Structures are given as C-alpha cells and as structure tokens.
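**Student:** The structure's right below; bear with me while I get my questions together.
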Amino acid sequence: SRVLVLNGPNLGRLGSREPDVYGAQDLSALRVLLSEKAATGTEIDLRQTDDEAELIGWLHEAVDTETPVILNPAAFTHYSYALRDAAKLVTAAGIPLIEVHISNPHARETFRHTSVISAVATGVIAGFGFDSYVLALSAVGRG
Ligand code: DQA
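Going by the UniProt record's numbering, the sequence shown opens with residue 2, and the numbers climb by one from there.
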C-alpha cells in the first residue's frame with residue numbers, strides 16, 4: 002500500500018530555508034527517513050509543489066485512489082479555503098489525512114496560529130521537526 006506525503010509551497014527549499022526553524026536536511030533526506038520508518042510493504046509517495054491547484058489535484062487523487070495523506074500545507078495552512086475544501090473531500094470519504102508541521106506554528110507569528118485545515122483533518126502533529134511526519138506515519142498505521 003501507499004501513503005501520499007504532500008508538501009506545499011517553499012518546502013522544496015528545505016535544507017537552506019531558515020535552518021534554525023526547519024533544520025538542515027532537505028526533502029530527499031525526508032523521503033529516505035520515511036522510507037526507512039515505513040512498515041514493510043508501504044510505499045512512500047512524497048511530493049512537493051508551490052502550486053495550490055496542483056496540491057488540490059493531488060488531494061482529489063487521494064480520494065479517487067483511497068490513499069491516506071500526510072499533508073504539510075505550509076503557508077496555505079493559514080488561508081487556503083480551497084485546500085481546506087479539498088482536504089475535507091478526503092476525510093469525508095473516510096480516508097485519513099494528517100496535518101503536519103515541522104515547526105510549532107503556535108510558538109511563532111500570530112498569522113501562523115490559525116489553521117483553516119485542522120478542523121477537517123483527522124489530526125494534527127506539529128513541532129517535532131521531521132519526526133512530525135514519522136509520527137503521522139504511525140498515526141495512519143503505516144509506521
Ligand atoms: C510549516 C509552518 C508554516 O507556517 C510555514 O508557512 C511553512 C512550514 C511547518 O512545517 O512548520 O512553510 O508548515
């Protein structure tokens with residue numbers, strides 16, 4: 002089975018982007034880490050886009066293929082009602098969707114304290130660096 006690990010805008014810059022906040026490792030290191038931690042027979046399908054439409058299309062794909070989702074919506078977290086509606090399509094279909102954040106947005110700027118995604122997510126994990134994703138894998142029973 003497969004798990005979609007979807008990453009939103011600017012997360013392609015991990016490793017060089019604010020390493021004090023997000024760490025020094027990049028997305029390919031995250032892909033390796035999750036592949037190591039995944040249960041036998043679980044394929045990690047990790048993707049990143051800066052494009053809201055592409056991310057929404059991937060959530061539609063999750064619905065159509067009944068694939069669990071680990072989603073780091075990045076800055077879309079705080080304002081994208083379109084992404085929220087797409088996330089709701091996933092959980093309303095009974096498919097788990099875990100919202101993850103590398104940092105703890107609640108300990109940062111006020112605009113990061115609001116998530117328009119959380120209310121339609123199965124659950125939220127934030128503040129544990131790349132381990133937020135590892136914990137999410139466990140949350141969907143694939144860790
Ligand atoms: C983030 C937190 C968001 O506020 C920010 O816009 C990001 C990354 C995180 O993983 O900590 O791009 O989602």
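A virtual CB, placed ideally from N, CA and C, is assigned to each residue, including glycine. None of these values were measured; they are calculated from a predicted model.
What is the DSSP secondary structure of Glu-100, counted as helix, strand or coil?
**Tutor:** In this structure, Glu-100 counts as strand in the three-state DSSP scheme.
**Student:** With a threshold of 6 Å on Cβ separation, who are the neighbours of Val-125 within its own chain once the five nearest residues in sequence on each side are excluded?
**Tutor:** Answer for Val-125: Glu-100, Ser-119, listed in chain order.
**Student:** Regarding Ile-103 and the ligand DQA, is the C-beta to nearest heavy atom distance less than 7 Å?
**Tutor:** It does: the Cβ of Ile-103 is within 7 Å (strictly closer) of some heavy atom of the ligand DQA.
**Student:** So does Ala-75 have its beta carbon nearer than 7 Å to some heavy atom of the ligand DQA?
**Tutor:** Yes, the ligand DQA has a heavy atom inside 7 Å of this Cβ.
**Student:** Pro-69: which of Ala-88, Val-117, His-114 sits nearest, CA to CA?
**Tutor:** Measuring from the Cα of Pro-69, the nearest candidate turns out to be Ala-88.
**Student:** Going by Cα to Cα distance, which pick from Val-135, Arg-18, Arg-3 is closest to Ala-75?
**Tutor:** The shortest Cα separation from Ala-75 among Val-135, Arg-18, Arg-3 belongs to Arg-18.
**Student:** Could you name the residues of the same chain whose beta carbon sits closer than 6 Å to that of Gly-24, not counting the 5 residues immediately before and after it, in chain order?
**Tutor:** Excluding residues within five positions, the ones whose Cβ falls inside 6 Å are Gly-130.
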